[in-house]
Amino acid sequence: LAKTTQPISMDSYEGQEVNITCSHNNIATNDYITWYQQFPSQGPRFIIQGYKTKVTNEVASLFIPADRKSSTLSLPRVSLSDTAVYYCLVGAGRDSSYKLIFGSGTRLLVRP
Amino acid sequence: KAGVTQTPRYLIKTRGQQVTLSCSPISGHRSVSWYQQTPGQGLQFLFEYFSETQRNKGNFPGRFSGRQFSNSRSEMNVSTLELGDSALYLCASSHQPGTGGDEQYFGPGTRLTVT
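Going down the list, the protein sequences come from chains S and V.
Be aware that the first sequence starts at 1, since it is given in this note's numbering, and climbs by one per residue.
Be aware that the second sequence starts at 1001, since it is given in this note's numbering, and climbs by one per residue.
So, in C-alpha cells, the structure goes:
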C-alpha cells in the first residue's frame, strides 16, 4: 500500500534551520518528489521539487538519498511567516494503480 | 498570468443532493488533478485528467466523478452527497501529468459543507 509518512508537528525558533523528513517507500520509478507549503484557507504552494541527490532554490533545499525512499526538506533560517503546514507529494504505484500521494503534513510552528 | 481558479469558493448542500465544482487551469496547462482535504484524512487524491482523459483515480466511490473539456477546464461531480463529503476540494494544474518534473499549481479550493 503506497504511503508517505511525515512528523505531525515541529517547533522551531526564528533564525534556525528546520529539516522535515518524508518517507515514501513505494515511490514510482520516474516520479519526482515535491514539497508544498499550506497556510490556512489557502491551496498548497510549491516550494521545491527533485528527483535525486540535492536540489536548492532561493527558499529551500531538498535532499534525496540514492534509494529515494525518503526526502528531507531543509528551510534555512526560518522566520515567523514560515509557520505553516508542509506536505511532501510523490507518485506511487504503476500503471492503473498509479496515484499521487500526499504526506499527512507537518505543522511547523516558528516562535520568536 | 492568471492562476488556477475554482468556482464556487463556498457551497452548502444537503444530504442526497449532488454538486458540481469547476476548475479553470492556468493557461497552457493540460493536466488537472483534484484532491479532497479534510482534517481527519488530509489531502487525498481524487483523480487526474490530461487532454480530456482521466489518467488515474484515487480510492473514492463512484459517486465522485469528473471530466475535462477541450479547453482543459475541468469539473468534478459528487452525487448523493453524504455528511462525510464535507471538505475542501482542491484543484491543481500543470503542463504534464503526474509529478514527472512538473510543478502543480493549486487553486484556492471550494469549501463544501453538507448538512
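Quick reminder that beta carbons are idealized off the backbone N, C-alpha and C, glycines included.
Source: prediction; values computed, not measured.
Asked: Proximal residues of chain S, C-beta to C-beta of residue 1112/V below 9 Å; Found: None at all; the shortest Cβ gap to chain S is about 14 Å.
Asked: Residue 1107/V: contacting residues in chain S (beta-carbon distance under 7 Å); Found: 43
Asked: DSSP-derived helix/strand/coil call for residue 1083/V; Found: helix
Asked: Beta bridge counterpart(s) of residue 1011/V as assigned by DSSP; Found: 1112/V
Asked: Sequence-distant residues of the same chain with beta carbon closer than 6 Å to residue 1111/V, five excluded per side; Found: 1010, 1088
Asked: Residue 5/S burial status per 10 Å Cβ neighbour count (16 or more: buried); Found: exposed
Asked: C-beta atoms of residue 19/S and residue 74/S nearer than 8 Å; Found: yes
Asked: Spatial neighbours of residue 24/S in its chain, beta-carbon cut-off 6 Å, leaving aside the 5 residues before and after; Found: 4, 90
Asked: As assigned by DSSP and simplified to three states, the class of residue 82/S; Found: helix
Asked: Short-range partners of chain S found in the region 1032–1049 of chain V, where Cβ spacing is below 8 Å; Found: 1033, 1035, 1042, 1043, 1044, 1045, 1048
Asked: Boundaries of the beta strand (DSSP E) in which residue 1067/V is found, first to last residue; Found: 1064–1068
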